[in-house]
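J.: Structure provided below as structure tokens; questions to follow.
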Amino acid sequence: TIGVITDIDGRYTISTPADGILSFSYVGLKDKEEKVNGRTTINIIMQTDSKMIDEVVVIGYGTQRRGSVTGAVSAVKGQDMIKTKNENPQNMLTGRIPGLRVWQKSSEPGTFNNSFDIRGMGSPLIIIDGIPRSTEEFQRLNAMDIDDISVLKDASAAIYGVRAANGVVLVTTKKGGAGKTEFSYNGSYTFQQPSRMPELCDPYESMTLFNEMSMNNINGGSWVFSEESFEAFRNGTRRTTDWNDLIISNVAPQTQHDISISGGNEKTKL
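So that you can map any letter, position 108 of the sequence shown is 108 in full-length UniProt numbering, and since no number is skipped, the others follow by simple counting.
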């Protein structure tokens, strides 16, 4: 048996008998055998193995089968991430990867003020398709374009040097392949609803509490609101506004639509 490894473009050179059989294998693809039959050039197209694709883990040096990985590596597939509806892919990782903690610093609409760390050691290095990126760029990545996310911990992140002291988040986006051009559409219509709104005091109760606070001052106090102020709210002379009721809706609809095109040939992919 003679074995060789192809280059990054899939080209290879091997010496074999004219009646030999070539066996091709790659992680995540179906094995394929091809008879030589005296040929000097043999090109093949390998098919994705749907049974093995979930067992593929992206690491710093390439890809490995999950069972053969000995380092501290965790992974999640993009198809599993999108089951959680969120505009920020960073939030989608919550509870999906051991040791990865995500917290949101602000609930302001449109903000991406989030942070995450691995085992509480600080912000990790983010690599998107082999290129170091910032946390903000990762947060604004379309989750539908993500194929796989792997988290490297401890010695598994050594290839990236001192920048990976807090771990590495490897993001692999979807890529086209040789074959028919495919169009895909994904749409969602969801509702957002406040889980619990605080019950606020009305003006009469608020003025009463302010008066009690002032009168209980250790240095002595005085009334903040007079009886005339109370009477104005009792008889309707003065009115109040429930700003929470005016600003916050009980149910807010949310829509999202994604359209993608993939395909190409052996030389060009989109």
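Heads up, the beta-carbon is just placed ideally off N, CA and C, and yes, glycines get one too.
With burial defined as no fewer than 16 other Cβ atoms inside 10 Å of the residue's Cβ, what is the status of Ala143: buried or exposed?
T.: The residue is buried, with at least 16 neighbouring Cβ atoms inside 10 Å.
J.: Over the uninterrupted beta strand (DSSP E) stretch that includes Gly20, give me the two end residues.
T.: Careful: Gly20 lies outside any beta strand (DSSP E) and carries neither H nor E.
J.: Answer with buried or exposed for Asp148, where buried requires no fewer than 16 other C-beta atoms within 10 angstroms of its C-beta.
T.: Buried: at least 16 other Cβ atoms inside 10 Å.
J.: Using a Cβ distance threshold of 8 Å, determine whether the stretch 109 to 129 contacts the stretch 166 to 177, with at least three qualifying pairs required.
T.: Yes, they touch.
J.: Taking the DSSP output, what are the residues bridged to Tyr189?
T.: Answer is Thr255, bridged to Tyr189.
J.: If you draw a straight line from the C-alpha of Asp154 to the C-alpha of Val171, how long is it?
T.: Asp154 and Val171: Cα-Cα distance of roughly 18 Å.
J.: Please list, in chain order, all residues of the same chain as Ser184 whose beta carbon is under 7 Å from its beta carbon, the five residues on each side excluded.
T.: Ser260.
J.: May I ask you to list the residues that DSSP assigns as paired with Val171?
T.: DSSP lists Ile128, Ile149 as partners of Val171.
J.: How do the stretch 221 to 234 and the stretch 201 to 212 stand: do at least 3 beta-carbon pairs fall below 8 Å, yes or no?
T.: As far as the Cβ criterion goes, the stretch 221 to 234 touches the stretch 201 to 212, which means the pair count is three or higher.
J.: With C-beta atoms as the reference, is Gly130 less than 8 Å away from Leu270?
T.: No, the Cβ-Cβ distance between Gly130 and Leu270 is not below 8 Å.
J.: Return helix, strand or coil for Ala143, following the three-state DSSP convention.
T.: Looking at Ala143 - three-state DSSP - the assignment turns out to be helix.
J.: Looking at Met197: is its Cβ nearer than 8 Å to the Cβ of Asn265?
T.: Not closer than 8 Å, so no.
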